[in-house]
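Report on the structure given below.
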Amino acid sequence: MALSTARPLVSVYSEKNEETGETVALATVFKAPIRPDVVSFVHDNVSKNSRQPYAVSKLAGHQTSAESWGTGRAVARIPRVRGGGTHRSGQGAFGNMCRGGRMFAPTRVWRRWHRKINVTQKRYATVSAIAASGVPALVMSKGHLVQEVPEFPLVVSDKIQEYTKTKQATIFLHRIKAWKDIQKVIKSRRLRAGKGKMRNRRHVQRRGPLIVYNKDQGLRKAFRNIPGVDLINIRKLNLLHLAPGGHVGRFIIWTQSAFQKLDSLYGTWDKKATLKSGYNLPFPKMSNTDLTRILKSDELKKYLPAQRTGSVRRTRKLNPLRHVRTMLRLNPYIAVQKRVASNENKLRTLARETYLAKKEGVSKTCVFLLNLIQTVEIINFIIFRDQPLRRV
Numbered sequence: 001m002a003l004s005t006a007r008p009l010v011s012v013y014s015e016k017n018e019e020t021g022e023t024v025a026l027a028t029v030f031k032a033p034i035r036p037d038v039v040s041f042v043h044d045n046v047s048k049n050s051r052q053p054y055a056v057s058k059l060a061g062h063q064t065s066a067e068s069w070g071t072g073r074a075v076a077r078i079p080r081v082r083g084g085g086t087h088r089s090g091q092g093a094f095g096n097m098c099r100g101g102r103m104f105a106p107t108r109v110w111r112r113w114h115r116k117i118n119v120t121q122k123r124y125a126t127v128s129a130i131a132a133s134g135v136p137a138l139v140m141s142k143g144h145l146v147q148e149v150p151e152f153p154l155v156v157s158d159k160i161q162e163y164t165k166t167k168q169a170t171i172f173l174h175r176i177k178a179w180k181d182i183q184k185v186i187k188s189r190r191l192r193a194g195k196g197k198m199r200n201r202r203h204v205q206r207r208g209p210l211i212v213y214n215k216d217q218g219l220r221k222a223f224r225n226i227p228g229v230d231l232i233n234i235r236k237l238n239l240l241h242l243a244p245g246g247h248v249g250r251f252i253i254w255t256q257s258a259f260q261k262l263d264s265l266y267g268t269w270d271k272k273a274t275l276k277s278g279y280n281l282p283f284p285k286m287s288n289t290d291l292t293r294i295l296k297s298d299e300l301k302k303y304l305p306a307q308r309t310g311s312v313r314r315t316r317k318l319n320p321l322r323h324v325r326t327m328l329r330l331n332p333y334i335a336v337q338k339r340v341a342s343n344e345n346k347l348r349t350l351a352r353e354t355y356l357a358k359k360e361g362v363s364k365t366c367v368f369l370l371n372l373i374q375t376v377e378i379i380n381f382i383i384f385r386d387q388p389l390r391r392v
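Counted from 1, the sequence shown has number 362 at position 362 by full-length UniProt numbering; the numbering is strictly sequential.
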């Protein structure tokens, strides 16, 4: 939740979804920076700490007597089972490519199963997950159906901690408009894809709301049979519940006493946490993350240079040997040279045609006309040879 959008007070709702008139101060933890990268990293490592070691038997694939036949037998050099009188004798053994052989790089129980994470880093991830739960857009982007929920963060009175019956819990969830999220969980229940079905993990389903309480006076019994609902004590907040799958934005329902304990649990920017030794709440780098609004604000525009309107376009460079206009800009006399060369070419052509006509015995009239044209061309060449060219 950005500092600019944070509210100073949060309303407390009764179990009937009515405002009680009470308000509680918004915990500073909701103004902490939201870091999905830290949350994802910590979640991945913390979730590994519940793994159990597994390995194949140390003797698997080697419980047979076998020796290679060596070279010269036109078979592979893999060890082969000794003896005779059975199909097994002579078959390859031990190798990972053999039937009945060991696997490649057999798994061992001394693999590094668990991961150590810094305590401060785990707390940073928890704080980010709590802060994200107060932003309705992030909660809805995670898939929770909370369009009709009255307020975020949602704080309800401590009376729900005294519930002991599931009927009371379902009525409460209907009243605070959270039952659509439960129905989504019920519809999503399906068989797991893969071999987890064989390992007591047959079904998978979505996550519903998380209820954070201070004292269990029967609350767990009331809510434990409702699909998708998780319950957790305020003193035992767990990132695996606050950000399932490493994604921030869990829909959280806070009891009033649990919500009021957040400042003492994580502290504020003015004082340290009292329930954690030497912990300071992380401070955001920016008090207002709306960067576009900051850059366009009048206060900042006064100190920024004016926007440049005239854009200077880079001219395209052309090869003057290929583009006549570019060459004329560089050397206007090139036009005269080209015209002289053209006239000389025409004179050579006419002289050749006259010579060929005389040689082939063409009539004197045709020869006379060719000579006349040649004479006119020579006169033009002499007159216009050194005439200055108009500028292009």
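Ideal Cβ positions, reconstructed from N, Cα and C, are used throughout, including at glycine.
Buried or exposed for residue i, going by 16 or more other Cβ atoms inside 10 Å?
| i | result |
| --- | --- |
| R314 | exposed |
| G83 | exposed |
| S141 | exposed |
| A178 | buried |
| N96 | exposed |
| H114 | exposed |
| T255 | buried |
| K116 | exposed |
| G267 | buried |
| V204 | exposed |
| Q161 | buried |
| S133 | buried |
| H323 | exposed |
| V146 | buried |
| H62 | exposed |
Consult DSSP for residue i and reduce its assignment to one of helix, strand or coil.
| i | result |
| --- | --- |
| N45 | helix |
| S11 | strand |
| G196 | helix |
| V24 | strand |
| A105 | coil |
| A258 | helix |
| A129 | helix |
| E162 | helix |
| R390 | Low local confidence applies: a pLDDT of 48 at R390 is under 50, so the model's placement there is unreliable, with the coordinate-based value given in what follows. In the structure shown, R390 sits in coil (DSSP, three-state: anything other than H, G, I, E or B). |
| E67 | strand |
| E344 | helix |
| M140 | helix |
| N225 | coil |
| K338 | helix |
| W179 | helix |
| R352 | helix |
| V38 | helix |
| V185 | helix |
| I117 | coil |
| V29 | helix |
| Q147 | coil |
| S264 | helix |
| N371 | helix |
Under the DSSP definition of a beta bridge, which residues are partnered with residue i?
| i | result |
| --- | --- |
| Y213 | N233 |
| H203 | L191 |
| L154 | I253 |
| residue 395 | Past the boundaries of the shown model lies residue 395; the chain is included only from 1 to 392, so the question cannot be answered. |
| E19 | Y13 |
Within the chosen definition, does the segment 150–169 reach the segment 11–24 through at least 3 CB pairs nearer than 8 Å? yes
**the segment 39–49 contacting the segment 267–280, beta-carbon criterion three pairs below 8 Å** = no
Subject >> the segment 99–116 contacting the segment 200–216, beta-carbon criterion three pairs below 8 Å >> reply: no
- Whole beta strand (DSSP E) runs in the segment 292–332 with 3 or more residues, listed along the chain? none
_Does the structure place the segment 17–30 close enough to the segment 50–59 that three or more beta carbon pairs sit under 8 Å?_
no
Exercise. Check whether the segment 116–136 touches the segment 238–256, taking contact to mean three or more Cβ pairs, one atom from each stretch, closer than 8 Å.
Key: yes
Does the segment 181–194 come within contact of the segment 284–302, defined as at least 3 CB pairs closer than 8 Å? no
Any chance the segment 258–274 sits against the segment 28–37, with 3 or more Cβ pairs inside 8 Å? yes
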